Each structure stands twice: as C-alpha cells, then as structure tokens.
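Notes follow the structure.
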Amino acid sequence: MDKERGARAGGSGRRGGSPEPDGGRGRRLRGTAAEAGAGVVLVAGDQGLQDEVARLAAAAGIEIAVAAGIPDALAQVPEVLLLGSGELRSLGNHHGAVPGVAGIPPAGRTEVIVVGTAADTGIWDLAAGSAAARVAVLPAASEWLAGYLGRRRDITGGTVLGVLGGCGGAGATAVSCWLSAGAAERGSSVLLVEGDPWGAGLEWVLGAAELDGIRWPDLAGLSGSLNPVQLAAGLPALAGFSLLGRGGGEPPADASVIGTVMDAARSGYGLTVVDLGRSLGTESMLPFCDQVLLVVPGRTGGILAARTVLPYAGPAPVRAVVRGPLGEGLDELRTAEAIGLPLAGYVPFYKGTERAMDAGQVLACLGRAGIRGGMRRILADILPASAGAVS
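Now the structure itself:
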C-alpha cells in the first residue's frame, strides 16, 4: 500500500445526500434507518473518528450509514465500507472469520477503506493484512477522502456482469465474447474486460492482438479517478464493443486499480462483461460484479464442479448458463436445479467452437442459430430497454 499523504488516492463512485453527525449506531447519520444496498457504511466505535468522517461526508454532499459492526455493515452490501482502525484491530486473531477483512473479498463489489488518525501508528500494518483497497489517515487524508466520497454522486448505473466458469473448459471466455457482441448488436454500449489471469487471453480468441489501444498493463500504475470518456477513447474496439485485454501481461491484482477502472466502466458503458474464467482468489474481479453467470457443462462432472465453485461466487445474484452437450437424463433446467441456481439460458454444443477460438474467430460462432438464440435469451433478462452509452 502506498503511504502518499496517508491514503491511496483513487476511485470514484456514486449517490448521496447530506449527513449530520450522530452518535447513534446502526442507522444513517441523517437519521433514517440504514437499508440494504447502502452506498457508504461506516464502522467506527471512536466517536471522534465518527464525527470527523460525518463532517467530511457532509462536505462531500453524500449520506452515509453507521453500522454497529462489520457483519452488520456487510449485510447491507455497501458500495464502500469505511472501517475504523480500532474495529480492525479488535478482530485480532479472529478476523479470518469476517468476510472481506482477512483477504477474502467483501460482499458484492464493496470496497474497504481503513480510516484512522495519525496517532494510530500501526494502521498500515493492520491494513496490509486485510482486504482494504485504501487507507485514509486523518487529518492528512481529509481532502482526499472528501473528494473520493463526493465522486460517489457522479457514477450512473451501468451493469457489471461477471461470467464465471463452473469448471475448467466450461466456456466462460466464449460466452463472454458472444454476450458482448450480442449486446452491442442490440444497441448497448459494451465493454468486455479480461478478468482471467490464467486463460489464453481475450485478444487471442478474438483475433484482436494487433489492435491499438489500452491494455491492463497500461493501467497498472493508475492513481486517482479515471475519466470514462477517456477510457473509452483509448480502448481497442471490435464488433461494436470495447475491449480491455491484458496484452500479453496479466490483469492487475491491486484492488484499488481494479476498483477505479470498474467505476469508470460502470459510468461509461451500459454493460460491462468481465470474463472471470475460474478466478476466485483475492485477485478476482468477482467482487465488482452486479450479476454473475456461472457457465456449466450439462454433465454430471460439470454439476459437481460447479457446486464447489458456487459458495465463492459472492452474494451478487448468480444464475446458470448451461452448455451442451447434455448428459444422459439431463436437460438445461435439471442441470441448473442440480446446482441450486435459476437458469439464465442454454447454449447448444458446437464442435467448431474450440477451432474458432484457436483461429481468433470466436465471434464467427454467432452464425450458429442456436448460439445466437441462446445469447439473445440471456441478454433479454440482463439489459434494460435502453442501456447507457459513453457521452
């Protein structure tokens, strides 16, 4: 973690009102009950720290909620969790049981910021052992934190869709590409993001390696907010959608960089599709997704493997995309039910898929009526009547 002025600069976000300091716990600083899906939630037992954060939030013009503890805060699935250093320290050796604190990604796309004062000399060591993306040491970082919170008013609600493989070779990459092209055909502004550190790379299967534009390694040192229009202008594009690939490198493991890019993507595109592959570790982009599709081969082995993945898919809504060929006695609905998921859609088997991917022509598979129809049915439940575009 950087120690620049007591904070790792970066990030942008959304929404807000105007808080007033309140000593109450488990409710909004403006006095209404904290609700699920809160934008920013604070957990801080230190009244002085709580009041200072409330003052900064008021200056930023956003409303925050105060939760009695970390489990209560995460239950609200906030976009940002402001975690007092005292609360993080009090977890001691038991912090591994709390999601999002000991390196386990927090619920949904929650971003954790550890907040403390200059008197807390151990704050950096505490944060380094947690899932925190940033640290704000007050008062040195007051200006940065107020600016960061203020930017949370400005992001509008594009959808971030994660596509996760239920087992090796399930086809998450192919489905990600097909969904992106299908959504673009419907008139949506679409960004396809490489989120699989172990795959062949989106540029390879799309035949896009020679396209000019920004890749993940170009964003590795990113700090501060990222203008969504500038991001879109710098990305390569094909088949009507933008592409953020890895260009021979790897997607970043830095949650701060990922969060900043995902914020810009959410603001700039109606739909952002993240090819997660089988990525479930701390480097995964899964916590930044609003919805998740779990791609599962319709066979017994695929079902068993998907069951082991599902507990790590987070609290964002998860649905199954079943791929053929189907095993004996199975259909797409039975496959999804056996995993314990609602069915998002079915993609029939096409023996030319692997060959097309190796040739950089995965989108040519959309010429198959079954694949195109499968994508159309999946997208009908994901895309609103009109999706936002880069302005």
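Residue numbers (the UniProt record's numbering): 1 to 391. Just so it is clear, CB atoms sit at the ideal spot from N, CA and C, and this is done for glycine as well. Only a predicted model underlies this, so the values are computations on that prediction, with no experimental measurement involved.
heavy atom of the ligand HEM below 7 Å from residue i C-beta
i, result
"L161", "Judged by which ligands are present, the structure shown has none, so any question about the ligand HEM falls away."
Proximal residues to residue i (C-beta, below 8 Å), its chain only, five neighbours per side dropped
i, result
"P342", "R319, A320, A336"
"I371", "W178, V347, P348, Y350, C365"
"I123", "S85, V114, G116, V135, V137"
"E110", "First, the amino acid is wrong: residue 110 is Thr here, not Glu. Around T110: L74, V77, P78, E79, V80, L81, G100, P287."
"D196", "A172, T173, P251, D275, L276, G277, R278, S279"
"G340", "R307, L310"
"G373", "none"
"H94", "Unreliable placement is indicated for H94, whose pLDDT of 43 sits below 50; the coordinate value is still reported in the next sentence. Here the set comprises nothing."
Own chain, CB closer than 6 Å to residue i, minus 5 neighbours either side, in chain order
i, result
"R368", "Y350"
"A313", "V292"
"A265", "L191, T272"
"D125", "none"
"L333", "L343"
"R228", "Looking at the sequence shown, residue 228 is not Arg but Pro. Same-chain partners within the cutoff: A264, S267, G268."
"G147", "none"
C-beta contact flag for residue i and residue j at 8 Å
i, j, result
"G171", "V295", "yes"
"G360", "G207", "yes"
"L326", "L179", "no"
"L82", "V53", "yes"
"R246", "R215", "yes"
"L235", "L243", "yes"
"A239", "L363", "yes"
"L276", "G168", "no"
"E87", "G48", "no"
"L286", "L164", "yes"
"G345", "G324", "no"
"V160", "D290", "yes"
Cut-off 7 Å between Cβ atoms - residues of its own chain near residue i, not counting five sequence neighbours on either side
i, result
"L149", "V40, L56, A57, A60, I62"
"R186", "L379, L383"
"G166", "L294, V295, V296, G302, A305, A306, V309"
"A118", "V137, A140"
"I258", "P252, M285, F288"
"A338", "I303"
Burial state of residue i, where buried means 16 or more other Cβ atoms lie within 10 Å
i, result
"R355", "exposed"
"A34", "Model confidence at A34 stands at a pLDDT of 34, short of 50, so the residue's coordinates are unreliable; what they give is reported in the following sentence. With 16 or more other Cβ atoms within 10 Å, it is buried."
"R14", "Low confidence applies to R14: its pLDDT is 30, below 50, so where it sits in the model is not reliable enough to give any reading."
"R376", "exposed"
"D381", "exposed"
"S267", "buried"
"D212", "exposed"
"L304", "exposed"
"S284", "buried"
"T260", "buried"
"S90", "exposed"
"D218", "exposed"
"Q230", "exposed"
"G182", "buried"
Unbroken beta strand (DSSP E) run spanning residue i, endpoints
i, result
"T272", "271–277"
"R323", "318–323"
"V114", "111–117"
"G162", "159–165"
"S242", "241–244"
"A141", "Here A141 belongs to no beta strand (DSSP E), and DSSP marks it neither H nor E."
"V41", "40–43"
"V193", "190–194"
Boundaries (first-last residue) of the alpha helix (DSSP H) holding residue i
i, result
"S90", "85–90"
"S267", "255–268"
"A338", "332–339"
"V347", "Note, V347: premise wrong, no alpha helix (DSSP H); beta strand (DSSP E) at 343–347."
"G370", "369–380"
"V229", "228–234"
"Q291", "No alpha helix (DSSP H) holds Q291; the beta strand (DSSP E) holding it covers 291–297."
"E354", "353–358"
"V77", "Looking at the DSSP string, V77 is not in any alpha helix (DSSP H), and its letter there is neither H nor E."
"V49", "Here the sequence assigns Leu to residue 49, which means Val is not the residue at that position. Where L49 is concerned, the enclosing alpha helix (DSSP H) stretches over 47–60."
"G301", "300–309"
_Quick check: the stretch 174–183 against the stretch 356–365, are at least 3 beta-carbon pairs closer than 8 Å?_
The stretch 356–365, when compared against the stretch 174–183, does touch it at the 8 Å Cβ threshold.
*Should the stretch 195–202 be called in touch with the stretch 218–228, which here means at least 3 C-beta pairs below 8 Å?*
Touching, no, given that fewer than three Cβ pairs across the two stretches are closer than 8 Å.
*Taking three-plus beta-carbon pairs below 8 Å as touching, is the stretch 267–287 in contact with the stretch 187–198?*
Between the stretch 267–287 and the stretch 187–198, the count of Cβ pairs shorter than 8 Å is three or higher; the stretches touch.
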